[in-house]
Structures are given as C-alpha cells and as structure tokens.
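Numbering (this note's numbering), first residue to last: 99 to 652. By construction, the Cβ of each residue, glycine as well, lies at the ideal position given by its N, Cα and C atoms. Have a look at the structure below before the remarks.
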Amino acid sequence: MNLTIKQQLEIKIRDAVKQAMVEGIFPEDLLIPEVQVESPKNPEFGDFATNISFPLTKILKKSPHDIAAILIKYLEGDKIIRKTEVAGAGFINFWIAPSRLHEILAEIEVKGERYGSSNIGQGKKTIVEFLSANPTGPLHVGHGRGAAIGDIIGNILDFCGYDVTKEYYINDVGNQMVKLGASLQVRYLELLGENLPLPDEGYQGEYMIDIAKKLYELEGNSCRYKDVLYFKNFAMSQILEDIKQSLLSFGVHFNSWFAESTLYQEDMIKKVLDKLKEMGYTYDANGALWLKTTAFGDDKDRVLIRENQIPTYFTGDIAYHCSKYVRGYELLIDLWGADHHGYINRLKAACLALNYPKESLVILLYQLVSLSRGNQPVSMSTRQGEFVTLTEVIQEVGKDAARFFFCMRKSDAHLDFDLELAKSQSQENPVYYVQYAHARICSILRKARESGLEIKSYEKINMSVLNLSEELMLLSKMSTLQDEVSGCARSFEPHRLTIYLMEIVAIFHNYYNHHRIISSESDITDARLFLVNGLRIVLKNTLSLLGISAPEVM
Numbered sequence: 099m100n101l102t103i104k105q106q107l108e109i110k111i112r113d114a115v116k117q118a119m120v121e122g123i124f125p126e127d128l129l130i131p132e133v134q135v136e137s138p139k140n141p142e143f144g145d146f147a148t149n150i151s152f153p154l155t156k157i158l159k160k161s162p163h164d165i166a167a168i169l170i171k172y173l174e175g176d177k178i179i180r181k182t183e184v185a186g187a188g189f190i191n192f193w194i195a196p197s198r199l200h201e202i203l204a205e206i207e208v209k210g211e212r213y214g215s216s217n218i219g220q221g222k223k224t225i226v227e228f229l230s231a232n233p234t235g236p237l238h239v240g241h242g243r244g245a246a247i248g249d250i251i252g253n254i255l256d257f258c259g260y261d262v263t264k265e266y267y268i269n270d271v272g273n274q275m276v277k278l279g280a281s282l283q284v285r286y287l288e289l290l291g292e293n294l295p296l297p298d299e300g301y302q303g304e305y306m307i308d309i310a311k312k313l314y315e316l317e318g319n320s321c322r323y324k325d326v327l328y329f330k331n332f333a334m335s336q337i338l339e340d341i342k343q344s345l346l347s348f349g350v351h352f353n354s355w356f357a358e359s360t361l362y363q364e365d366m367i368k369k370v371l372d373k374l375k376e377m378g379y380t381y382d383a384n385g386a387l388w389l390k391t392t393a394f395g396d397d398k399d400r401v402l403i404r405e406n407q408i409p410t411y412f413t414g415d416i417a418y419h420c421s422k423y424v425r426g427y428e429l430l431i432d433l434w435g436a437d438h439h440g441y442i443n444r445l446k447a448a449c450l451a452l453n454y455p456k457e458s459l460v461i462l463l464y465q466l467v468s469l470s471r472g473n474q475p476v477s478m479s480t481r482q483g484e485f486v487t488l489t490e491v492i493q494e495v496g497k498d499a500a501r502f503f504f505c506m507r508k509s510d511a512h513l514d515f516d517l518e519l520a521k522s523q524s525q526e527n528p529v530y531y532v533q534y535a536h537a538r539i540c541s542i543l544r545k546a547r548e549s550g551l552e553i554k555s556y557e558k559i560n561m562s563v564l565n566l567s568e569e570l571m572l573l574s575k576m577s578t579l580q581d582e583v584s585g586c587a588r589s590f591e592p593h594r595l596t597i598y599l600m601e602i603v604a605i606f607h608n609y610y611n612h613h614r615i616i617s618s619e620s621d622i623t624d625a626r627l628f629l630v631n632g633l634r635i636v637l638k639n640t641l642s643l644l645g646i647s648a649p650e651v652m
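Structure representation (structure tokens):
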C-alpha cells in the first residue's frame, strides 16, 4: 500500500533522529518519542509541521529550537521535500515538492471511490451499538445526534478495513415497557367510553392516542379485556416501526436489531451470573446479590439481583455485552447519551471481571442538542409529549443538513442546532457550502464535455503546470484524506471530516474565484480539469462517509 505524504514524513523524521544518534549528536540509547505530523491551519507555515523537538527537550537537555536546527540538516535535500524551516519555539515546517503532490492525482485516478480508505482494521470483527432509544415514543432531535454519529463511525470503520456490524438494542422488558402498555390501555379504553387516569409517569404524548386509534381500527372493541402485556407489545411494535421509518429517512441503516428479551430466552442472564459467582466476584448482602466492581476500578460495588430477586438493569447490560463477545466480536463500541456517564466504570469493571480485554470495550458519550426556532428554545420530554421529533427536523432542513450539523462538533461537546442556518442556501451554511463545491465541479466538467474536452489520463497530462500556490494547497489537503479518515477511526471522532470538508472547499472556492479552469491554454486546461475531477472524488468519498449526498446540480 502506498504511504501517504504524512506517513513518509513521519518515517523521514524518525530516520533523521536515528542519523543524529549514529553520528553521536544524540545519545545512542535515545528512546525516540512518537512522531506527530500535522497540517498547519495557516498555509504560511507549510504543508505539514512536526513538534518532534519538544518531547526531545527533556531527554536531550537542549532547547526545541536547537534540536529542530539539528534535525533539519538531515531533512533538507530529500526529493519529496521542497523546503523546510525551523519556526516558533522549535517547530519544523515542511513544504512538499510539487512533483510529489502531483502524484496524489494519480493515486486518486487509480483508487476512485476507495481513495482515502485503508486496512488499519485488518478485518477485526466490530460491533457499533448506538441510539438504542427505548421504544416508548418517536425519536426526538436529541436522538438524531446519536444516530448520525454512530452511523458515521460505523461507515468510517468499514472504510478502514474493520468488519462492522451496526446494532440497535431494543429494551423490550422492564418497568418502562409496562407503563407504556398501561398508557396505551388507558387511551384505548377512552375510545370505548371509559375514563381512567394514566398511570404514574405514564406516556402522555399525542402519539399514544394515535396508536390507540390504530388499534381500534384494527381490532374494534375486542381488546377491552386484554392484559397490559398485549397493549405493551402492540405499542412497542408500532413505535419500533415509526423509529425504523424515521431512521430510513435519515439514512441510518442497522444490520442487527437485538431485543433484550433474547437474553432471557437464551438464559444469558443466568449464565453470566453463574460465571461471576464461579469466579468469586459476587457476594450477598442485605438480601441482594452484589458484584465486586471496586476490584476493577469502580467507586462502589453494584447490585446484580435486588432483594425482590429481580435482576437490575446493570445485570441485563452485562449479559448483553457478554452476548456480543459470544457472537465473536473483538471490538465493542457503545455510543451513549452523556447522562449515562456514571455507568461507564461499572460496565467496564464487569467486562474485566469476565476476563474480556480492557481495550476491547470502547464507550463514547454524546451531548444532547439545543434546538431553537427564532431564538426560542424548544423543550423536549418523551412523556409529556412536548418534543420535536427527528422526522420533523428532517422534513424541515433535510437529511443532509441534519446529519452534517449533528456531526459538526466533537460528540461530547454541547451542540446548538440552528434550524434557520441549516435551511439557508448561502456560504454561511456549511453543508450547502460543501455540496455547492461538488456541484460547481460537476458543472465545470459538464461544460468541458460540451466543449468537446475530455479528462485525459494522468500520464498524458503535463502536471508541472499545476504550480500555483492554491493548486499546491489543494493537492496538499487532498493528500491527507486517508490520514484524516484513519485518524477518525482511531479516535472515534467523525466531526473531523466535517472540518476537513469545510477547509478544503474554502481553498477550492477561492481558487475557482481567481482562476479559470477551462482556458485557451490546453496544457493548463487538461491539468486543471484533472485536478478538479480529483477533488470531486475526494468530496464525494468524504460526503459518502458522512451519509450525505454529493449533488451534481444545485
């Protein structure tokens, strides 16, 4: 596999440190720290930069600037490096040789829709469990963020060579589901003329009345004497169907829908409890069964079986995760709402108690969303019925804008969703700005074809004419797509792709506004058409990972 420019620089920097060791300038037993290469936000600081001098300072007892000055001597003259400089307190900045940047276009030509992909996952069997909203009501705007982030993480991991399953965990047992059934029973009996109060903390939303009407349309008054379980199952089936339709319109696809009741059918709860007891990590106290989670870093031990002999939600969670391991998954990724922060340590402790590798379970948190219309905040409650559904948001701003906005910030940072901005067709709207770049390129390529021009192959083009600073900046940015995607996969931070897109299209729009792509100079026209077509592929591939369309006309 071809190394990216960034990867090549990382190797060359390590080699420079090694050469200084060989020549006695650095001690021969020097432990080389991890080499980090980044793309500076300001193009005046080059295509790439490294801070390698700073972690070496304590070891070598030299200033970062002096260390950088030593290393730069071993880096100058390399064929892929056009220029280097020591900057600031000791950063090393790199400008890449145009000939190496031009090679990016050859790689894009060959790889096409796979450009930016990698095999860092090496086929590792991975399960991404996300959203998993209790089937007690429609998805609201807050759920949308978890759905988008989880779906995109799955896409990124798949693009990086992981064997990915996206799973929705259906909580179909427990007290909340009983209340759901009781709430529907009351609404149904109201249609038959009975006037009963809703259960305490029952579900009051209008959607429950709609479900009751649907039941009455199908069954008439024949359900008057059905038990709560019947109403629970009917309500759950209707709500799950609504959830699936909402997700379909949102472009979210699950490979697996796993019901909590399956754990009881397969006796997984008992198997997990027996194993924990056998390993000596449980004890009885005050009539309850406890797990020694403090032995694995939790702040206190946790109850597995209550005094009434009913398993806790925690026990169900352990069994569910155990089922993932039993099904052969090597990497488990959970995406939870930030209000579940307190559950992280206890679940990780339980998995450690069961001898599963610590690094095999990754739990990510996402903050909920503040939504406003006309600067007026909208409150949301799945029981009071005062919520904006995900479907309503999609209908108002569109799937693409919703997914982009949900993924614009790091998942554990609060998100303000500006509906008016998301709907606007202006460069202030980031998703419009990005999609317009793709449509603009498609328009250029159409005009070229209409003029009888064709996009030639790489070897037939004089690439040396691509020497403007904006062209080299574009190529430099295009070269980092694989690094960006791999970085997202390692850090589980899909928001980095929205940042990448906004940065690269800003370079393109500026380039387009100052330079003609199609001109009377055939060499320049051929090269620039090849350049923008390569950029089109980069934009489309990145938008595809985000689950966002790449329109050809806007």
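- Between the beta-carbon of Arg507 and that of His593 there is about 6 Å, and that keeps the pair under the 8 Å contact cut.
- Thr224 and Lys422 have their alpha carbons spaced roughly 10 Å apart.
- Put simply, of Ala520, Pro409, Gly279 and Asn293 the residue whose alpha carbon is nearest the alpha carbon of Met306 is Gly279.
- Annotation for Gly435: no alpha helix (DSSP H) segment contains it, though the beta strand (DSSP E) segment containing it runs Leu429 to Gly435.
- For Val563, no alpha helix (DSSP H) run applies, since DSSP gives it neither H nor E.
- When Cβ pairs closer than 8 Å are counted between the two stretches, the segment 595-612 is seen not to touch the segment 172-182, the count staying below three.
- Counted as a single uninterrupted DSSP element, the beta strand (DSSP E) harbouring Ile268 occupies residues Asp261 to Ile268.
- Per DSSP, Ile559 lies in no beta strand (DSSP E) segment and is marked neither H nor E.
- With a threshold of 16 other beta carbon atoms within 10 Å, Tyr323 falls short and is exposed.
- Contact annotation: the segment 369-385 does not touch the segment 511-531, with fewer than three C-beta pairs closer than 8 Å.
- When C-alpha distances from Ala511 are compared across Thr360, Glu108, Gln465 and Ala118, the shortest belongs to Gln465.
- DSSP places Thr410 in the coil class of the three-state scheme, outside both helix and strand.
- Contact between the segment 388-402 and the segment 411-419 is present: 3 or more CB-CB pairs across the two stretches fall below 8 Å.
- Per DSSP, the continuous alpha helix (DSSP H) segment holding Asp624 begins and ends at Ser620 to Leu643.
- The residue among Asp256, Ala204, Asn384 and Tyr213 with its C-alpha nearest the C-alpha of Gly221 is Asp256.
- With respect to Ala204, Tyr556 sits close: the two C-beta atoms are nearer than 7 Å.
- Here the C-alpha atom of Ile150 lies approximately 53 Å from the C-alpha atom of Asp270.
- The beta-carbon distance between Leu452 and Trp434, rounded to whole angstroms, is 20 Å. This is too long to meet the 8 Å contact definition.
- With a beta-carbon spacing of about 6 Å, Leu128 and Met119 fall inside the 8 Å limit used to define contacts.
- According to DSSP, residue pairing for Thr148 in a beta bridge involves Val135 and Ile190.
- Nearest neighbour of Ile635 by Cα position, chosen from Ile622, Pro649 and Asp624, turns out to be Pro649.
- The C-beta distance from Gly645 to Gly349 rounds to 5 Å, short enough to fall under 8 Å.
- If you ignore the 5 residues before and after Ser347, its C-beta comes within less than 7 Å of the C-beta of Thr489, Ile492 and Lys497, all in its own chain and listed in chain order.
- For Ser589, the three-state secondary structure derived from DSSP is helix.
- Cα atoms of His238 and Ile542: separation of roughly 40 Å, rounded to the nearest angstrom.
- In the displayed model, Ile539 falls within a helix according to three-state DSSP.
- Shown here for Phe503: same chain residues with a beta carbon closer than 6 Å to its own, the five before and five after excluded, namely Phe515 and Ala520 in chain order.
- Judged by beta-carbon spacing, Asp432 lies within the 7 Å limit of Ile461, meaning their Cβ atoms are closer than that value.
- Judged by their CB atoms, Val135 and Thr155 are not nearer to each other than the 7 Å cut-off.
- A Cβ-Cβ distance of about 16 Å is found for the pair Ile111 and Arg198, leaving them out of contact under the 8 Å criterion.
- A direct Cα-to-Cα measurement between Leu641 and Glu292 gives close to 53 Å.
- If you check the CB distance, Ala187 and Pro162 come in under 7 Å.
- Asn253 is the residue among Tyr267, Asn253 and Gln407 whose C-alpha sits nearest the C-alpha of Asp261.
- Here Leu345 has Ala245 as same chain residues with Cβ atoms under 7 Å from its own Cβ, once five neighbours each way along the sequence are excluded.
- Taking C-alpha positions only, Gly632 is separated from Gln105 by approximately 21 Å.
- Checking the DSSP bridge columns, you'll see Asp382 partnered with Leu387.
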